[in-house]
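J.:
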Amino acid sequence: MMESTKHTWWKEAVVYQIYPKSFMDSDGDGIGDIRGIIGRLDYLKELGIDVIWLSPVYQSPNADNGYDISDYRAIQKEFGSMEDFDELLDKAHKMGIKIVMDLVVNHTSDEHPWFVESRKSKDSPYRDYYIWKEGKAGGPPNNWGASFGGSAWEYDESTEMYYLHSFHTKQPDLNWENEDARKAVYDMMRWWCDKGIDGFRMDVISMISKDQNFPDAQVHGGLYGNLGEFTMNGPRVHEFLKEMNREVLSRYDIMTVGETAGVTIEEAKRYAGETEEELNMVFQFEHVCLGDGKLGKWNDSRVDLRELKAVMSKWQTELSGTAWNSLYLGNHDQPRSVSRFGDDRPEYREISAKMLGLCLHFMQGTPYIYQGEELGMTNPYFDRLEDYRDVECINAYHELTEAGLVSQKDMLRYIQLRSRDNARTPMQWDGGENGGFTRGIPWIGINPNYSQINAKKELKDPHSVFHFYRKLIQLRKENKIMVYGTYQLLSPEDDSIYAYERAYQGKRIRVLCNFTDRILPCEWKTCEEGVVLIRNCENTDKTLLPYEAVAFWV
Ligand code: TEU
């Protein structure tokens, strides 16, 4: 294992993800907006984060909450105006906070002018911006299924051909084989960089190069073939990213993180290799896919700690010195981390939320905090399908229950545990109406626990999850070992304790985390005065209390 030597600002940064629709509503329409974010910059400053990753704020018909973009150079009305955006960028910069934009270029909205033109005729100059194919035997060109249900091919009457959409029917995939389309994307990216933004989080960037043979894919347990095999880490993806780097990224001091579904260690070393000239870092998916079964994410399994440790440790050690990790336990597509990896029962919620934060922030890589994670926000466990909003879970509910693959009762339980809406309930600002998120009716119900769990309460309480995260961020700034140190797992076989060490320039930190609600003996623990960097409870015995976590110098 090597000590990563190249120091950069984005390795040392802590990123905070904002999902604008659910963050803060300033005008009472029930939908979060940019002015809402501006009003909460002080809160983020107090937390101490360096970078905001803003989920899409571009013009969009919202088939997938902004991940279907109809104009890359406009702000969607519900979120405000370009003037509001410019003000946000300016104010954030004055406070020393950078802004990274979501870049969604695997697909556009079907309402984007490129697609509107493309579907009109086979001779349109925009025809090849998208992926059009003839049908086969009266059906789609192959058996690929879309992420949000149904076939990945949509028949279009005007030219009697099918277009590919890896996600929603309203998200046609761009054809990256087409040079004009690529150039148009780079042009748009330069336009944003020239505005002064600080980087891009690239949506499903691992999927932009498709196997041009478009073969049928294996069916795992649902009704359709899994297209990932032929769309993820495709034949030309690295060529395209090197081109993008040359044309755009290398010309600015920005940070880039690729959302790389299906990425392996070997692929990550190419996407985010120190010398590859593609991206700065990637989001790998292995730890958030643990326990996935024949119906993919739709199940109620709990993560096995030994598996979690194996996956995290593999990424920690194998990228060390050659590429860079992103560290995350939640985002807008994942359930709340405390509900999934911790314990959201009232007596353990706070302590297990802190334990997870400590466990993650002491690893090598750039940590990402998803809005509300710093408060220990939980899944809402809505008990009616009507309370959910996300196309993914609603479509899956119908597709899987109607095909008889799962009962309605089980599917609702799976949704309570795994739906993306778990992360999308409004940010809980205070104990007042709608948790202080809006004076109107929120677009999705607020988690009923907002009177106990909210920012106002936590800001006042020095022992809150918020202040624990604040301290974690501060420690990272004071101790380069947290950023650059090498990582060593201590107890691979232990199914209850996550123990690891970091080493850097002759110094060592040991991290101990109890992932259970039991008191456990722990020989790894030393209890001398003055060595502890941070802990989530006072316990000087050679034991770990339920969900206890501690980091100390050894
Ligand atoms: O997500 C891509 C992706 O891999 C997800 O579809 C993931 O598999 C799924 O959400 C897990 O349930 C990105 C965005 O983060 C997501 O919000 C978008 O819906 C999607 O791309 C399409 O743009």
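Under my numbering, the sequence shown has 533 at position 530, and the numbering climbs by one with no breaks.
In this text, a Cβ means the ideal position worked out from N, Cα and C, and glycines have one as well.
#1: Beta strand (DSSP E) containing Ile21: first to last residue?
#2: Sort out for me which residues DSSP pairs His110 with in a bridge.
#3: Is any heavy atom of ligand 1 found at a distance shorter than 8 Å from the C-beta of Arg387?
#4: Terminal residues of the continuous alpha helix (DSSP H) containing Thr234?
#5: Could you check whether Tyr70 and Leu47 sit closer than 9 Å to each other, using their CB atoms as the reference points?
#6: Once the 5 residues before and after Gly224 are set aside, which same chain residues still bring their CB inside 6 Å of it?
#7: In this structure, does DSSP put Asn328 in helix, strand or coil?
#8: Name the residue from Cys362, His364, Asp183, Gly345 whose alpha carbon lies nearest to the alpha carbon of Ser355.
#9: Identify, in the order they occur along the chain, each residue of the same chain with its Cβ nearer than 7 Å to the Cβ of Tyr255, setting aside the five sequence neighbours on each side.
#10: Below 9 Å between beta carbons: does that hold for Val553 and Leu515?
#11: For Lys9, does the count of other Cβ atoms within 10 angstroms reach 16, so buried, or fall short, so exposed?
#12: So what does DSSP say about Arg442, is it helix, strand or coil?
#13: When you compare each of Glu163, Leu388, Glu160, Ser154 to Phe170 by their alpha carbons, which one comes out closest?
#14: Consult DSSP for Ala552 and reduce its assignment to one of helix, strand or coil.
#15: Indicate whether the contact test is met: 3 or more Cβ pairs, each with one atom in the region 392 to 411 and one in the region 210 to 230, closer than 8 Å.
#16: So Ser112 and Ser73 are in contact, right, with Cβ under 8 Å, and what is the actual spacing, rounded?
#17: Which residues in the same chain have their Cβ closer than 6 Å to the Cβ of Gln79, if we skip the five residues on either side of it in sequence?
#18: Based on the DSSP output, what are the partners of Asn517 in its beta bridges?
#19: Note down the Cα distance separating Val240 from Asp347, rounded to an integer number of angstroms.
#20: I'd like to confirm the pairing. Which residues does DSSP put opposite Glu262 in its beta bridges?
#21: Is the region 490 to 498 in contact with the region 457 to 476, if contact means three or more CB pairs nearer than 8 Å?
#22: So which of Cys540, Tyr371, Glu504, Trp56 has the shortest CA-CA distance to Ile102?
#23: Any chance you could list the beta strand (DSSP E) runs of at least 3 consecutive residues sitting entirely within the region 349 to 405, in chain order?
#24: Pull up the DSSP beta-bridge partners for Trp156, would you.
#25: In whole angstroms, what separates the C-alpha of Gly443 from that of Met27?
#26: Count the other CB atoms within 10 Å of the CB of Glu353; is the residue buried (16 or more) or exposed (fewer)?
#27: Should Tyr501 and Leu293 be called a contact, given that it needs their Cβ atoms to be closer than 9 Å?
#28: So, helix, strand or coil for Gly42, using DSSP?
#29: Does the distance from the C-beta atom of Met247 to that of Met315 stay below 9 Å?
#30: Would you say the beta carbon of Arg392 comes nearer than 8 Å to a heavy atom of ligand 1?
#31: I need the straight-line Cα distance from Ser104 to Tyr507, nearest angstrom please.
#32: According to the Cβ coordinates, are Leu230 and Val260 closer than 9 Å?
#33: If you draw a straight line from the alpha carbon of Tyr580 to that of Phe243, how long is it in whole angstroms?
#34: Can you check the region 57 to 108 for any alpha helix (DSSP H) of at least 4 residues that lies completely inside it and give the ranges in chain order?
#35: Express the C-alpha separation of Arg473 and Leu50 in angstroms, rounding to a whole number.
#36: Contact defined as beta carbons within less than 8 Å: I believe Val266 pairs with Gln287. What is the distance between those atoms, to the nearest angstrom?
T.: In brief:
#1: Walking along the sequence shown from the start, residue 21 turns up at place 18. It spans 18 to 21 - the beta strand (DSSP E) in which Ile21 sits, taken as one unbroken run.
#2: Along the sequence shown, one-based indexing puts residue 110 at 107. Per DSSP, Asp176.
#3: Working through the sequence shown from its first residue, we reach residue 387 at position 384. No; taking the cut-off as 8 Å, the Cβ of Arg387 has no heavy atom of ligand 1 nearer than that.
#4: Sequence index remark: in the sequence shown, residue 234 carries index 231 (1-based). Its alpha helix (DSSP H) spans residues 231 to 234.
#5: Counted from its first residue, the sequence shown places residue 47 at position 44. Counted from its first residue, the sequence shown places residue 70 at position 67. No, they are not a contact pair.
#6: As a working note, residue 224 is residue 221 in the sequence shown. Only Lys297, Leu298 meet the Cβ criterion.
#7: Against the sequence shown, residue 328 aligns to sequence position 325. DSSP, read as helix, strand or coil, puts Asn328 in strand.
#8: By 1-based counting over the sequence shown, the position of residue 355 is 352. Cα-wise, what sits closest to Ser355 is Gly345.
#9: Within the sequence shown, residue 255 is the residue found at index 252, counting from 1. So the list reads Cys196, once near-sequence residues are dropped.
#10: Residue numbering aside, residue 553 sits at position 550 when the sequence shown is read from its first letter. Residue numbering aside, residue 515 sits at position 512 when the sequence shown is read from its first letter. In this structure, Leu515 lies closer than 9 Å to Val553 by Cβ.
#11: Numbered from its first residue, the sequence shown carries residue 9 at position 6. Per the 10 Å Cβ criterion, exposed.
#12: Against the sequence shown, residue 442 aligns to sequence position 439. Arg442 falls in the coil class under three-state DSSP.
#13: Counting from 1 along the sequence shown, the entry for residue 170 is found at position 167. When each option's Cα is compared against that of Phe170, the closest is Ser154.
#14: Taking the sequence shown and counting its residues from 1, the one referred to as residue 552 is at position 549. Strand at Ala552.
#15: yes
#16: One-based indexing of the sequence shown puts residue 112 at position 109. One-based indexing of the sequence shown puts residue 73 at position 70. The pair is a contact, with the Cβ atoms about 4 Å apart (cut-off 8 Å).
#17: Translated into the one-based positions of the sequence shown, residue 79 becomes position 76. Excluding positions up to five away in sequence, the list reads Gln62, Ser63.
#18: Numbered from 1 along the sequence shown, position 514 holds the residue referred to as residue 517. According to DSSP, which records beta bridges pairwise, Asn517 is partnered with Ile500.
#19: Sequence index remark: in the sequence shown, residue 240 carries index 237 (1-based). Sequence index remark: in the sequence shown, residue 347 carries index 344 (1-based). Straight-line Cα distance between these residues: approximately 40 Å.
#20: Taking the sequence shown and counting its residues from 1, one reaches residue 262 at position 259. The partner list for Glu262 (beta bridge, DSSP) reads Phe286.
#21: no
#22: Here the question's residue 102 lines up with position 99 in the sequence shown. Nearest C-alpha to Ile102: Trp56.
#23: 369 to 373
#24: Within the sequence shown, the letter at position 153 stands for residue 156. Bridge partners of Trp156: Leu167.
#25: Residue numbering aside, residue 443 sits at position 440 when the sequence shown is read from its first letter. Residue numbering aside, residue 27 sits at position 24 when the sequence shown is read from its first letter. Approximately 12 Å between the Cα atoms of the pair.
#26: Translated into positions along the sequence shown, residue 353 becomes position 350. Buried, by the Cβ-count rule.
#27: Locating residue 501 in the sequence shown gives position 498, where the first residue counts as 1. Locating residue 293 in the sequence shown gives position 290, where the first residue counts as 1. Taking 9 Å as the Cβ cut-off, Tyr501 and Leu293 do not qualify as a contacting pair.
#28: Counting from one through the sequence shown, the residue named residue 42 turns up at place 39. It is helical.
#29: As a first step, residue 247 is located in the sequence shown; it is residue number 244 there, counting from the start. As a first step, residue 315 is located in the sequence shown; it is residue number 312 there, counting from the start. For Met247 and Met315, no; Cβs fall outside 9 Å.
#30: Numbered from 1 along the sequence shown, position 389 holds the residue referred to as residue 392. No, the beta carbon of Arg392 sits no closer than 8 Å to any heavy atom of ligand 1.
#31: Start at 1 with the first residue of the sequence shown, and residue 104 comes out as number 101. Start at 1 with the first residue of the sequence shown, and residue 507 comes out as number 504. The amino acid at residue 104 is misidentified as Ser; the sequence shows Met. In this structure, the straight-line span from the alpha carbon of Met104 to that of Tyr507 is close to 33 Å.
#32: As a working note, residue 230 is residue 227 in the sequence shown. As a working note, residue 260 is residue 257 in the sequence shown. Not closer than 9 Å, so no.
#33: For residue 580 there is no data in the structure shown, the boundaries of the chain being 4 and 557.
#34: 85 to 97
#35: What you label residue 50 is simply residue 47 of the sequence shown in a count that begins at 1. What you label residue 473 is simply residue 470 of the sequence shown in a count that begins at 1. Roughly 5 Å separates the two Cα atoms.
#36: Within the sequence shown, the letter at position 263 stands for residue 266. Within the sequence shown, the letter at position 284 stands for residue 287. With a Cβ gap of about 5 Å, Val266 and Gln287 count as contacting.
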